Amino acid sequence: MNNKACIKGIASYLPDYQLTNEELSEKYPEWNVEKIYKKTGISSRSIVAPGECVSDMAVAAAQKLFNKKVCVKEEIECLILCTQSPDYFLPSTACIIQDRLELPKGIAAFDYNLGCSGYIYGLAIAKSLIETGIFNNIILITAETYTKYLNPTDKSVRTIFGDGAAATFLCAKKCEEEMIGPFIFGTDGSGAEKLIVPAGGHRRPIDSSTAIELVCDDGIKRSPENLYMDGAEIFNFTLDRVPQMIKDLLNKSETKFDDVGYFIFHQANRFMLETLRKKIKIPKDKFCINNEYFANTVSATIPMALEIEFNDGKIKNNDLVMLAGFGVGLSWGATLIKVLF
Amino acid sequence: MNEAFLEEMAEILEEDIGNITPDYSLSKENFDSLAIVATLALIDDIFEVTVSGKELRKVKDIGSILRLVEKAMGK
Chain A
172 MNNKACIKGI ASYLPDYQLT NEELSEKYPE WNVEKIYKKT GISSRSIVAP
222 GECVSDMAVA AAQKLFNKKV CVKEEIECLI LCTQSPDYFL PSTACIIQDR
272 LELPKGIAAF DYNLGCSGYI YGLAIAKSLI ETGIFNNIIL ITAETYTKYL
322 NPTDKSVRTI FGDGAAATFL CAKKCEEEMI GPFIFGTDGS GAEKLIVPAG
372 GHRRPIDSST AIELVCDDGI KRSPENLYMD GAEIFNFTLD RVPQMIKDLL
422 NKSETKFDDV GYFIFHQANR FMLETLRKKI KIPKDKFCIN NEYFANTVSA
472 TIPMALEIEF NDGKIKNNDL VMLAGFGVGL SWGATLIKVL F
Chain B
54 MNEAFLEEMA EILEEDIGNI TPDYSLSKEN FDSLAIVATL ALIDDIFEVT
104 VSGKELRKVK DIGSILRLVE KAMGK
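Going down the list, the protein sequences come from chains A and B. To convert, take the position in the first sequence, counting from 1, and add 171; that gives this note's numbering. To convert, take the position in the second sequence, counting from 1, and add 53; that gives this note's numbering.
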């Protein structure tokens, strides 16, 4: 019997501070509380405290896995962190987390840089490492502090994004059936500028000019150090790619649409999710929209949503669940899983 | 003129349906980022075509949206 990788548990961490629709509406009076909720499906977003970083959230999320006795520190062989808001350019934030969690020094630890498709990639990496016999026990952490990149006046993104971290424990299980996979991936770097923080890397280092705010063509003030999202083009990309990706995954896995028990897509915002659901014709009771209180935490939304739906009984062990991530890159990916919590 | 389209546009613009005509004027105030994304979804749903977000952001009235749609449909 072969070793198959499986998802054994998830724990999430959200920062204390909740940015509510009431507070946003005071800042942007043209958008009232009801309108923000109706369009985004979000009531509040968690925002990191000043000085709170990805490693702090990642440590808190992973510590919950240990507290819940999902796994013990001594058995961890590899720590993988997905983030686009690392503590430093170098070293890898995963190394800092290894030390802060007092994990054994004999483990592997590394970061990888992806956004909304990041959790799907993380599952593919972890599955590969486990099923080739390199490791048996892996912690995959997806964590972001995107709100640090946002211009305070940019209502188009401040209503949507929140900060948070999710830690997933994956381990080897002796069985014949696949617990994760197959996968579909896609990339279109020609859309890189549709969702970008233009300054701060080596292509455009921070200098006195990068902090200057200019009014962009959508009428919103931003500096090149701020996150820019062309919401309309990201939306078009999603409508164009995601339905095809779902079809491709069903074909590749030889799965019938009706045999998928539940669908968890990247929790971008309710409007985008509802549009996708209708276009793909997924029944409401099989489709997850549950980020009302955690908002869009980028690569952390899928595991956060999965944890909530499992705890609510909407997903049970061995149910076939489709996961799909899509966004910054442009990058997209989808897979099928069966959890075994 | 597509009635379903105009009805939905009235909803998006939070406007009375009777006021929605091809001349209805669009500005940054009433046609903000949320409204633009909602319009893209509507066009995809009703006409099954995609128009560019950049082009849609530039339109000044409802009639121009319909011309963008016709262009995308190859009419």
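Backbone N, C-alpha and C fix where the C-beta goes; we use that ideal spot for every residue, glycine too. These figures come from a predicted structure and were not determined experimentally.
The Cβ atoms of A/Tyr-433 and A/Val-492 lie closer than 8 Å to each other. Secondary structure within the segment 251-325 of chain A: the alpha helix (DSSP H) runs of 4 or more consecutive residues, fully enclosed, are 264-271, 289-302 (chain order). For A/Lys-175, the uninterrupted beta strand (DSSP E) run begins and ends at 174-184, by DSSP. Under the 8 Å Cβ criterion, the segment 215-232 of chain A counts as touching the segment 314-328 of chain A, having at least three qualifying pairs. In chain order, Asp-388, Asp-389, Ala-403 make up the part of chain A whose C-beta sits under 8 Å from the C-beta of B/Arg-110. For A/Ser-288 against A/Ser-502, the beta-carbon gap comes to about 4 Å, under 8 Å, which counts as contact.
Fully enclosed beta strand (DSSP E) runs of no fewer than 3 residues occupy 335-345, 351-358 of the segment 333-360 of chain A, in order along the chain. Annotation for A/Leu-190: no alpha helix (DSSP H) segment contains it, though the beta strand (DSSP E) segment containing it runs 188-191.
A/Ile-301 and A/Asn-307 have their C-alpha atoms some 5 Å from each other. Contact of B/Leu-119 with chain A is not assigned, every C-beta pair being separated by 8 Å or more. Put simply, the CB of A/Lys-418 is far from chain B, with every gap to its CB atoms at 8 Å or more. Close to B/Ile-89, with beta-carbon spacing below 9 Å, are these residues of chain A in chain order: Asp-389, Gly-402, Ala-403, Phe-406. With a cutoff of 8 Å on beta-carbon distance, A/Arg-393 and A/Glu-384 are scored as near each other. In terms of Cα proximity to A/Ala-176, the closest of A/Asp-359, A/Leu-311, A/Ile-435 is A/Leu-311. For A/Asp-430, the three-state secondary structure derived from DSSP is helix. Closer than 8 Å to the CB of A/Ser-394 there is not a single CB belonging to chain B.
Under DSSP, A/Leu-366 shares a beta bridge with A/Met-400. Among the residues facing chain B, A/Leu-410 is included, as its CB has a counterpart in that chain under 8 Å away. Taking 8 Å as the threshold, the shortest C-beta distance from A/Thr-324 to chain B does not fall below it. The C-beta distance from B/Ile-99 to B/Asn-72 rounds to 20 Å, too long to fall under 8 Å, and the pair is not in contact. For the segment 74-99 of chain B, the set of residues with a beta-carbon nearer than 8 Å to any beta-carbon of chain A comprises Lys-81, Glu-82, Asp-85, Ser-86, Leu-87, Ile-89, Val-90, Ala-91, Leu-93, Ala-94, Asp-97, Asp-98, in chain order. Chain-ordered, the chain B residues with CB closer than 7 Å to the CB of A/Ser-327 read Ser-86. Within the same chain, and ignoring the five residues on either side of A/Lys-240 in sequence, no residue has its Cβ closer than 6 Å to its Cβ. If the five residues before and after B/Leu-66 are omitted, its C-beta is found closer than 6 Å to the C-beta atoms of Asn-83, all from its own chain and listed in chain order. Annotation for A/Tyr-464: Ser-214, Ser-215 place their beta carbon closer than 7 Å to its own, counting only its chain and skipping 5 residues before and after.
For A/Val-492, the enclosing beta strand (DSSP E) covers residues 492-498. DSSP places A/Gly-212 in the coil class of the three-state scheme, outside both helix and strand. If you draw a 10 Å sphere on the C-beta of B/Val-122, you find 16 or more other C-beta atoms in it, and that means buried.
For A/Gly-504, the uninterrupted beta strand (DSSP E) run begins and ends at 502-508, by DSSP. By the 16-neighbour rule on beta-carbons within 10 angstroms, B/Met-126 is exposed. With a threshold of 8 Å between beta carbons, B/Gly-127 makes no contact with chain A. Nearest CB-CB separation between A/Thr-472 and chain B: not below the 8 Å threshold. Residue contact with chain B for A/Phe-332: absent (no Cβ-Cβ distance below 8 Å to any residue of chain B). Distance from the CA atom of A/Asp-258 to the CA atom of A/Asp-429, rounded to whole angstroms, is 43 Å.
DSSP, reduced to helix, strand and coil, places A/Leu-385 within a strand of the structure shown. As the crow flies, the alpha-carbon of A/Ala-338 is around 17 Å from that of A/Ser-263.
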